[in-house]
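Counting from 387, one number per residue, gives the positions in the sequence shown under our numbering.
The beta carbon of each residue, even a glycine, is placed where N, CA and C say it ideally should be.
If you're wondering where the values come from, they're calculated on a predicted model, not measured in any experiment.
Beneath this line is the structure, given in structure tokens, with notes to follow.
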Amino acid sequence: MSKKNEELFEEEKEVLRFAASNLASQRYYGNDLLPCYKRLARDYQKLFRTTTKIFRISDRQEQILQRRQNELQNLLDNANQGFLTFGRDLKVDQQYSAECIRIFGKKIAGNLIISLLSQDNNTLQRQLQAILKRVFLADFVSGQTELQRVPAAFQISGKSIRVECKLLPQPDDSDECFLVMMMLTDITEKLKAEERIRFLSYHDKLTMLNNRAYVESVLLAELARGKAVPLSVVMADMNGLKLVNDVFGHRQGDLLLTAMANVLKKSCRQTDVIARWGGDEFVIIMPSTDESACSTVCERIRRACDANRDCVIALSSALGAATTVSGNLHLTELLSIAEHRMYNDKLIKSKNFRRSIVANMENMLISRCFVNEGHNARVLQLATEFIEFLDIEKAAIDIKLITRLSVLHDIGKVTIPVEILGKQGPLTPQEWSVMKNHSETGYRMAQSIGEPLVADIILALHEHWDGMGYPFGLKGDKIPLLARIFSLVDSYDSMTHDRPYKRTMNKKAALGEIESQIGSQFDPKLAEAFLMFIGMGKKSGK
387 MSKKNEELFE
397 EEKEVLRFAA
407 SNLASQRYYG
417 NDLLPCYKRL
427 ARDYQKLFRT
437 TTKIFRISDR
447 QEQILQRRQN
457 ELQNLLDNAN
467 QGFLTFGRDL
477 KVDQQYSAEC
487 IRIFGKKIAG
497 NLIISLLSQD
507 NNTLQRQLQA
517 ILKRVFLADF
527 VSGQTELQRV
537 PAAFQISGKS
547 IRVECKLLPQ
557 PDDSDECFLV
567 MMMLTDITEK
577 LKAEERIRFL
587 SYHDKLTMLN
597 NRAYVESVLL
607 AELARGKAVP
617 LSVVMADMNG
627 LKLVNDVFGH
637 RQGDLLLTAM
647 ANVLKKSCRQ
657 TDVIARWGGD
667 EFVIIMPSTD
677 ESACSTVCER
687 IRRACDANRD
697 CVIALSSALG
707 AATTVSGNLH
717 LTELLSIAEH
727 RMYNDKLIKS
737 KNFRRSIVAN
747 MENMLISRCF
757 VNEGHNARVL
767 QLATEFIEFL
777 DIEKAAIDIK
787 LITRLSVLHD
797 IGKVTIPVEI
807 LGKQGPLTPQ
817 EWSVMKNHSE
827 TGYRMAQSIG
837 EPLVADIILA
847 LHEHWDGMGY
857 PFGLKGDKIP
867 LLARIFSLVD
877 SYDSMTHDRP
887 YKRTMNKKAA
897 LGEIESQIGS
907 QFDPKLAEAF
917 LMFIGMGKKS
927 GK
């Protein structure tokens with residue numbers, strides 16, 4: 387029994403204690419009323435025990451009911467739904483979960499339900515009042531049908547709230563025939579998620595442009611009505627994405643794609659539909675646009691690409707356009723024509739693009755990679771004269787290959803951090819590991835711009851005759867001949883010209899350094915020949 391109930395029976399306990407004291411006393415011995423008094427005390431004690439037992443059972447039942455009520459309330463509070471009821475007066479008589487307070491921002495008992503839902507929208511308030519008035523004038527079945535006219539969703543304090551209503555019959559002795567129970571669910575985040583899914587279904591996540599699915603699923607159906615003629619399309623293939631991904635990483639590749647998307651957005655009009663078609667391809671669909679207007683847009687795209695200076699390589703795109711003025715050509719046919727013209731444009735401009743990439747890399751080598759200006763020209767001349775000195779058959783050495791190699795041999799260094807390239811003093815093991823990556827990076831870059839032979843030589847330029855070089859530890863004549871020749875020439879020119887991270891050597895010191903590496907870093911025969919070649923005072927060696 388609870389402490390409160392124990393206190394409730396304190397007087398009865400005192401009566402029993404007093405009776406027990408009297409019965410134990412000798413004062414009333416022989417009194418004719420004593421037997422009756424004993425029976426009365428015994429019956430009173432039985433009654434007290436029965437009464438306290440009833441109260442204990444009641445206490446336990448109350449505790450069980452309270453626990454169940456708490457459990458039910460906890461379930462309601464954590465159901466992410468608001469529950470409330472109201473009657474004929476349309477005032478909320480009770481809120482059954484904490485979600486109601488969160489949705490409305492306050493306790494709502496006693497508030498008019500139409501005011502809570504309408505949020506000062508007078509038209510909506512009148513509509514709700516009319517519906518609910520009909521509900522309470524109808525019988526239970528008709529009222530339930532009428533209740534379905536209540537809107538299924540409301541905007542409440544910036545939240546989207548779904549509403550479900552149900553009639554609850556009341557006891558016969560109640561003032562109300564039935565109450566309305568309303569269940570409110572905050573679907574704001576759900577709607578946002580659904581909208582996000584719909585958006586991503588028809589948009590490219592990286593560039594936020596429309597995607598191919600949008601063009602094929604939505605736009606094709608709209609354009610099929612033939613109301614957009616003349617209709618023009620442009621296919622754009624961005625140059626250099628593979629190069630950037632392979633050499634600088636996919637993050638820089640993503641930045642290149644984003645830059646291209648921004649160029650297209652700035653160059654096109656509000657009525658144009660821009661989509662990422664896939665990979666490095668984009669498509670622009672221009673309703674009510676003739677060939678002349680289409681050409682103007684294409685020219686704006688080219689100029690915007692030329693003006694861009696924010697990417698690791700020059701922004702460039704091959705373009706192909708097609709126009710129909712009659713609507714006889716289906717969009718897919720137009721796209722096919724534009725794609726064919728785009729590939730033709732790519733073939734025509736591919737050499738120019740490769741030249742611009744090489745020029746850009748040369749500038750980067752000079753500006754941030756501590757490569758001495760004029761180094762490429764000097765190693766080209768020195769290598770050409772040394773090969774002539776060696777009297778190697780012309781068929782064995784491609785002079786054009788040497789020219790391209792002189793330009794590209796250091797190209798992998800553009801990805802090495804400046805603080806490593808320009809560090810004075812020895813590199814740490816970690817820094818040296820990063821530094822050695824430039825051979826493989828240069829190889830991938832040369833491959834990406836269509837120079838596979840140059841790429842193979844770049845990969846072998848830092849291999850050593852004794853097998854202690856990198857990246858593969860090639861040994862002896864397993865190293866390509868041109869790589870062995872070029873490593874001598876490159877080393878000599880680097881030692882005899884300014885480098886921020888190392889003092890310039892004179893001719894004698896540089897030759898001494900080469901001589902010390904004969905048989906280890908350098909091919910013995912070639913190194914001996916090179917010492918003789920420079921010692922004879924060749925023009926490039928002076």
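Pairwise C-alpha distance: residue j and residue i
i: S543; j: V527; result: 33 angstroms
i: L554; j: I440; result: 34 angstroms
i: G927; j: L847; result: Here G927 scores only 43 on pLDDT, less than 50, and its place in the model should not be relied on; the value that follows carries that caveat. Taking the straight line joining both Cα atoms gives about 21 angstroms.
i: S411; j: S444; result: 37 angstroms
i: D418; j: R435; result: 28 angstroms
i: E602; j: G626; result: 27 angstroms
i: R428; j: L476; result: 59 angstroms
i: Q505; j: A645; result: 45 angstroms
i: G921; j: S834; result: 39 angstroms
i: S873; j: L776; result: 15 angstroms
i: I806; j: D632; result: 21 angstroms
i: N597; j: R637; result: 20 angstroms
i: P815; j: L592; result: 37 angstroms
i: K925; j: D623; result: Its pLDDT being 47, under 50, K925 is placed unreliably by the model, and nothing is read from it.
i: E748; j: S674; result: 45 angstroms
i: E1014; j: T657; result: An answer regarding residue 1014 cannot be provided, because it is not within the stretch 387 to 928 covered by the chain.
i: S483; j: L470; result: 8 angstroms
i: G496; j: E562; result: 16 angstroms
i: M406; j: R442; result: Before going on, a small fix: residue 406 reads as Ala here, not Met. Their Cα atoms are separated by approximately 24 angstroms.
i: L643; j: T801; result: 19 angstroms
i: S825; j: L720; result: 44 angstroms
i: L667; j: I865; result: First, the residue type needs correcting, since residue 667 is Glu and not Leu in the sequence shown. Between E667 and I865, the C-alpha separation is close to 40 angstroms.
i: A896; j: H795; result: 21 angstroms
i: E400; j: P421; result: 21 angstroms
i: S742; j: A704; result: 14 angstroms
i: G713; j: Y588; result: 25 angstroms
i: L426; j: R413; result: 18 angstroms
i: F522; j: E532; result: 9 angstroms
i: R520; j: R512; result: 13 angstroms
i: L938; j: A700; result: Within the shown structure, residues of the chain are numbered from 387 to 928, placing residue 938 beyond reach of any answer.
Segment limits, beta strand (DSSP E) that includes residue i
i: V619; result: 617–624
i: C551; result: 545–555
i: L592; result: Taken as a continuous stretch (DSSP letters only), L592 belongs to no beta strand (DSSP E), as it is neither H nor E.
i: G491; result: It is not in any beta strand (DSSP E) - G491 carries neither H nor E in the DSSP assignment.
i: Q541; result: 539–542
Residue i, DSSP secondary structure in three states
i: N507; result: coil
i: K928; result: Low confidence applies to K928: its pLDDT is 41, below 50, so where it sits in the model is not reliable, and the reading given next is rough at best. In the structure shown, K928 sits in coil (DSSP, three-state: anything other than H, G, I, E or B).
i: T571; result: strand
i: L498; result: strand
i: S902; result: helix
i: F441; result: helix
i: G529; result: helix
i: A745; result: helix
i: F739; result: helix
i: V659; result: strand
Residues bridged to residue i [DSSP beta-bridge criterion]
i: L860; result: Bridge partners of L860: none, in fact.
i: E667; result: D623, G664
i: F472; result: V478, V566
i: V633; result: Per DSSP, none; premise fails for V633.
i: Q467; result: T571
i: M672; result: S618
Residue range of the alpha helix (DSSP H) that includes residue i
i: M831; result: 815–834
i: A846; result: 838–846
i: L715; result: No alpha helix (DSSP H) holds L715; DSSP gives it neither H nor E.
i: S880; result: 867–881
i: T709; result: That residue, T709, is in no alpha helix (DSSP H); its beta strand (DSSP E) goes 703–710.
i: M918; result: 910–921
i: Q767; result: 761–776
i: L409; result: 396–410
i: V804; result: 804–807
i: R686; result: 677–693
i: K786; result: 785–794
Heavy atom of the ligand SAH within 7 angstroms of residue i beta-carbon
i: L518; result: The ligand SAH is absent from the structure shown, which contains no ligands of any kind.
ask   = Are at least three pairs of beta-carbons, each pair with one atom in the segment 684–698 and one in the segment 723–735, less than 8 angstroms apart?
value = no
ask   = Does the pairing of the segment 676–685 with the segment 594–608 give three or more beta-carbon distances under 8 angstroms?
value = Segments in contact, no.
message = Count Cβ pairs between the segment 811–820 and the segment 830–844 that sit closer than 8 angstroms; are there 3 or more?
response = no
inquiry  = Using 8 angstroms as the cut-off, can you tell me whether the segment 656–676 makes contact with the segment 855–867, which would need three or more C-beta pairs spanning the two stretches below that distance?
reply    = In short, these stretches do not touch, since the Cβ pair count stays below three.
ask   = Do three or more CB pairs link the segment 760–768 to the segment 875–883 at distances below 8 angstroms?
value = yes
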